[in-house]
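Asker: This structure is in structure tokens; I'll ask about it shortly.
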């Protein structure tokens, strides 16, 4: 049976439910669910799986390790061998990345797959060589994600790539700092760069302490309710303008969240961050101070939080349909359209056509 997007909708809705609930115990079950579907008997179906995985990673780049394990499980079946090619096509397609955060998430997964042995250094060299030079910041970011290994395994090829980006005009202030101080990040076998690639921030940063749920970070936070300086390789746009308590809510750092809250941290606007991050304990605390409302719909959609989305369905506007399509949440798109909303909705003089 060939893969048809309309007839496959029930499969895709269930696939999305399963992948957004992915954990170390469910990897084999999710893999079995994917492999048992007869719609995956051709390349179009495998491409759709690659597409769904990449969209998920751009929404949830803090789940990279589990996604790599899922991909490795899928690749044990001979018929899925082209999945690596299709993943690379999706992850490196500049047209698929709406924001630099999307690119960072995509490159992060590609790096993890490479470190897992699914791509060779020569293949990665080819990926970077073919990446469009017009996307200067993304090209520089892509090279950064593989610099430590390429410089070690293919030093001559790495020098070719490095010469390619020399002289670039980098407009983004955070990336300009990384670009101009690259020698510092290269020192001690790329110690600082590896830290950035693994955690999105440096070990000395407040963000790192929060992500590690380390209570000692509280002593270093001078202003509880002021926004943190954006980390260079932060893969989420929502956290680039977050206060410490919002950052902790998003990353599920419960102990740090409660400590900041106890010291007077304002959690009145933390619910969106908690829902987007998915930590139930923090969501429950936020709900004691803030009522769930339609203002939280985008976070419910981006995190595929079906219970909250259903409770807000009667209040959604055209913007929710646009968000659901943008975050590839098929269940939400179907529910909104089925509720009677016009499938052709305008937003800022643009029209989004949703096909389901």
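In the working numbering, the protein residues as written are 586 to 941.
Yeah, the Cβ is synthetic: ideal placement off N, Cα and C, and Gly gets one too.
1) Cα-Cα, which of 920, 837, 750, 754 is closest to residue 866?
2) With DSSP as the reference, label residue 667 as helix, strand or coil.
3) If you draw a straight line from the C-alpha of residue 768 to the C-alpha of residue 715, how long is it?
4) Taking the alpha-carbon positions, what's the residue 740 to residue 702 distance?
5) With 16 other CB atoms within 10 Å as the buried threshold, where does residue 876 fall?
6) Measure the C-alpha to C-alpha separation of residue 604 and residue 610 and round it to an integer number of angstroms.
7) Just checking my contact of residue 759 with residue 815 at CB under 8 Å: how many whole Å lie between their CB atoms?
8) Less than 8 Å between the C-beta atoms of residue 829 and residue 856, yes or no?
9) Quick check: what's the CA-CA separation for residue 842 versus residue 793?
10) I'd like the list of long-range same chain contacts for residue 887, defined as Cβ closer than 7 Å, with 5 residues on each side in sequence excluded.
11) Under the rule that 16 or more other beta-carbon atoms within 10 Å means buried, what is residue 697, buried or exposed?
12) Counting pairs of Cβ atoms below 8 Å between the segment 660 to 675 and the segment 629 to 645, do you hit three or more?
13) Does the Cβ-Cβ distance between residue 775 and residue 725 come in under 8 Å?
14) Here's a check: name, in chain order, each residue in its chain whose Cβ is nearer than 8 Å to the Cβ of residue 835, leaving out the five neighbours to either side.
15) Considering Cα atoms alone, identify which of 817, 796, 832, 800 is closest to residue 811.
Answerer: Quick answer:
1) Ranking 920, 837, 750, 754 by Cα distance to residue 866 puts 837 first.
2) The answer is coil: DSSP assigns residue 667 none of H, G, I, E or B.
3) If you take the alpha carbons of residue 768 and residue 715, they lie about 25 Å apart.
4) Annotation: residue 740 to residue 702 spans about 19 Å, alpha carbon to alpha carbon.
5) Exposed.
6) Distance between the alpha carbons of residue 604 and residue 610 is about 12 Å.
7) The C-beta separation of residue 759 from residue 815 comes to about 6 Å, placing the pair in contact by the 8 Å criterion.
8) No; because the gap between Cβ atoms is not below 8 Å, this pair is not in contact.
9) Roughly 14 Å between the two C-alpha positions.
10) Same-chain partners within the cutoff: 644, 861, 912.
11) Counting Cβ neighbours within 10 Å, residue 697 comes out buried, since at least 16 surround it.
12) Taking 8 Å as the limit for Cβ pairs, the verdict is that the segment 629 to 645 does touch the segment 660 to 675.
13) Contact: no.
14) Once the five neighbours on either side are set aside, the close Cβ partners of residue 835 are 821, 823, 824, 827, 858, 859, 861, 862.
15) It is 832.
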